[in-house]
Amino acid sequence: MAIEASKSGERTPKIRLGMVGGGAGAFIGAVHRMAARLDDQYDLVAGALSSTPEKSVASGRELGLDPDRCYGSYEEMAEKEAARPDGIEAVSIVTPNHVHFPAAKAFLERGIHVICDKPLTSNLEDAKALKAVADKAKALFILTHNYTGYPMVRHARELVRSGELGDIRLVQMEYPQDWLAEPIEQTGQKQAAWRTDPKQSGAGGSTGDIGTHAYNLGSFISGLELDELAADVHTFVAGRRLDDNAHVMLRFKGGAKGLLWCSQVATGNENGLKVRIYGTKAGIEWTQADPNYLWFTRLGEPKQLITRGGAGANAAAGRVTRIPSGHPEGYLEAFATIYTEAAAAINAAKAGTAVDSAVVYPTVDDGVKGVAFVEACIASSKQNGGWVKV
Numbered sequence: 037m038a039i040e041a042s043k044s045g046e047r048t049p050k051i052r053l054g055m056v057g058g059g060a061g062a063f064i065g066a067v068h069r070m071a072a073r074l075d076d077q078y079d080l081v082a083g084a085l086s087s088t089p090e091k092s093v094a095s096g097r098e099l100g101l102d103p104d105r106c107y108g109s110y111e112e113m114a115e116k117e118a119a120r121p122d123g124i125e126a127v128s129i130v131t132p133n134h135v136h137f138p139a140a141k142a143f144l145e146r147g148i149h150v151i152c153d154k155p156l157t158s159n160l161e162d163a164k165a166l167k168a169v170a171d172k173a174k175a176l177f178i179l180t181h182n183y184t185g186y187p188m189v190r191h192a193r194e195l196v197r198s199g200e201l202g203d204i205r206l207v208q209m210e211y212p213q214d215w216l217a218e219p220i221e222q223t224g225q226k227q228a229a230w231r232t233d234p235k236q237s238g239a240g241g242s243t244g245d246i247g248t249h250a251y252n253l254g255s256f257i258s259g260l261e262l263d264e265l266a267a268d269v270h271t272f273v274a275g276r277r278l279d280d281n282a283h284v285m286l287r288f289k290g291g292a293k294g295l296l297w298c299s300q301v302a303t304g305n306e307n308g309l310k311v312r313i314y315g316t317k318a319g320i321e322w323t324q325a326d327p328n329y330l331w332f333t334r335l336g337e338p339k340q341l342i343t344r345g346g347a348g349a350n351a352a353a354g355r356v357t358r359i360p361s362g363h364p365e366g367y368l369e370a371f372a373t374i375y376t377e378a379a380a381a382i383n384a385a386k387a388g389t390a391v392d393s394a395v396v397y398p399t400v401d402d403g404v405k406g407v408a409f410v411e412a413c414i415a416s417s418k419q420n421g422g423w424v425k426v
């Protein structure tokens, strides 16, 4: 992706970035920092990186931040950074789910752009409240559903939008993992501990952690709006407090049907996100483990393999492609695409100009839909799989 330049030909200044969460031992914080650096659009200058002041300051110093900008809490960081002439312009929120709402609110209300990890919040009430704050704020809200940043996902979305698939009939989504096949949260494993804790994660386990990704991706590509669902949500590991497997039937507005499976106890699966979409004219299939390829099949014709950067890739894929075909791009690059799309929107907001219509990123509205999906799954399962409006 090209680095943005000003009208004078000079490079647009980097966006001053802060981070909430993502300190020592955190997986996703490091991913966000790498993604923000990849296209050279941000400078990380401040942080409230851990849940205790001591750990937060230590993590900030380890990253080379100015000790004066290593804060003990996000509240302190929001207040002090907003008062600085060189304060942060955007903040990444990479905490457990229950912190997303209060942290995002604190920065949005001070006019600081928010780039937040998914799911939006730990419950639908907070999600709707955060949308109300974001809608009123003089700042942008970007949700990091990073799988929407893959070039071949963008290609697939454009195929649907241009009518190449015809009328969409079926949307199949799956996201199996096996890392929680045993009760590793009981051993103190940090990532497992908070993801299986309803106080931190919310009502959904696998549904909230990975089911929201599969649902968002299917919706992003197909452009369909969910009407109702019927879910069988289950916990296989004894003693676990949240679900680790779910099968969900979906009815979309307009008549299309869907099926979503998410599991964190599917032995032999590392990170098996896959989306298949079938229309009256053609079908597509994309797998996250092999993301540089998209299968496209017109009815009655042989399957066609479209490659990232290859002759068949469309403009939507090309604008988020960094290197030539045959050189794999993956997870970090897709994550970086969300950050770079966010940078384009933030820079446009700073300049008072309209953002390029090609710029695409998940919004607070996508986040509300994701949390509504999780809560509908839980409600349906409690009704023995009854259909629930979303």
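Read left to right, the sequence shown gives residues 37 to 426 (this note's numbering).
Yeah, the Cβ is synthetic: ideal placement off N, Cα and C, and Gly gets one too.
- Positions of the alpha helix (DSSP H) runs, each at least 4 residues long and wholly inside the region 122-157, are given as 136-144 in order along the chain.
- Val-56 has its alpha-carbon roughly 16 angstroms from the corresponding atom of Asp-104.
- Gly-254 sits in a helix when the DSSP states are folded into three classes.
- For Phe-332, the uninterrupted beta strand (DSSP E) segment begins and ends at 329-334.
- Considering only Ser-128, Ala-170 and Thr-131, the residue with the shortest C-alpha distance to Lys-141 is Ala-170.
- The C-alpha of Pro-121 lies about 16 angstroms from the C-alpha of Phe-143.
- Here Ile-124 has Arg-52, Leu-53, Gly-54, Val-81, Ala-82, Glu-117 and Ile-148 as same chain residues with Cβ atoms under 7 angstroms from its own Cβ, once five neighbours each way along the sequence are excluded.
- Leaving aside the five residues that flank Leu-335 on each side, the residues in its chain whose CB is nearer than 7 angstroms to its CB run, in chain order, Lys-317 and Ala-318.
- Contact between Pro-132 and Trp-230 is confirmed by a C-beta separation of about 5 angstroms, below the 8 angstroms threshold.
- Going by C-alpha positions, Ala-192 is about 18 angstroms away from Gly-308.
- Taking 3 residues as the minimum length, the beta strand (DSSP E) runs contained wholly in the region 67-101 are 78-84, in order along the chain.
- Its chain contains Gln-227 as the residues whose beta carbon lies nearer than 7 angstroms to that of Phe-63, once the 5 sequence neighbours on both sides are disregarded; these appear in chain order.
- If you ignore the 5 residues before and after Leu-74, its C-beta comes within less than 6 angstroms of the C-beta of Ala-372, all in its own chain and listed in chain order.
- The continuous beta strand (DSSP E) containing Ala-266 extends over residues 262-270.
- Pairing Ala-282 with Leu-296 gives a Cβ-Cβ distance under 9 angstroms.
- Three or more Cβ pairs closer than 8 angstroms define a contact, and the region 401-409 meets that threshold against the region 155-169.
- Under DSSP, the beta-bridge partners assigned to Phe-177 are Val-150.
- Going by C-alpha positions, His-270 is about 24 angstroms away from Ser-255.
- The secondary-structure analysis by DSSP pairs Cys-298 across a beta bridge with Tyr-211 and Ala-282.
- Looking at the DSSP output, Thr-323 shares a beta bridge with Lys-310.
- In terms of CA proximity to Gly-275, Glu-221 leads the group Glu-221, Thr-389, Ala-325 and Ser-258.
- Taking all protein chains in view, the Cβ of Pro-338 is surrounded by fewer than 16 other Cβ atoms within 10 Å, so the residue is classified as exposed.
- With respect to Gln-300, Leu-206 sits apart: the two C-beta atoms are not nearer than 9 angstroms.
- With contact defined as three or more Cβ pairs closer than 8 angstroms, the region 241-258 and the region 195-212 are in contact.
- For Leu-195, the uninterrupted alpha helix (DSSP H) run begins and ends at 187-197, by DSSP.
- By the beta-carbon neighbour count (other beta carbons within 10 angstroms, threshold 16), Leu-262 is buried.
- Straight-line spacing of the CA atoms in Arg-47 and Gln-77 works out to 10 angstroms.
- Taking Lys-172 as reference, the option from Ser-393, Glu-145, Arg-69 and Asn-182 with the minimal CA-CA separation is Glu-145.
- The three-state reading of DSSP puts Lys-425 in strand, counting E and B together.
- Nearest to Cys-106 by alpha-carbon distance, out of Glu-115, Glu-112 and Gly-96, is Gly-96.
- The C-beta distance from Lys-235 to His-136 rounds to 14 angstroms, too long to fall under 8 angstroms, and the pair is not in contact.
- For Arg-312, the CB contacts under 6 angstroms within the same chain, skipping 5 residues up- and downstream, are Gln-208 and Glu-321 in chain order.
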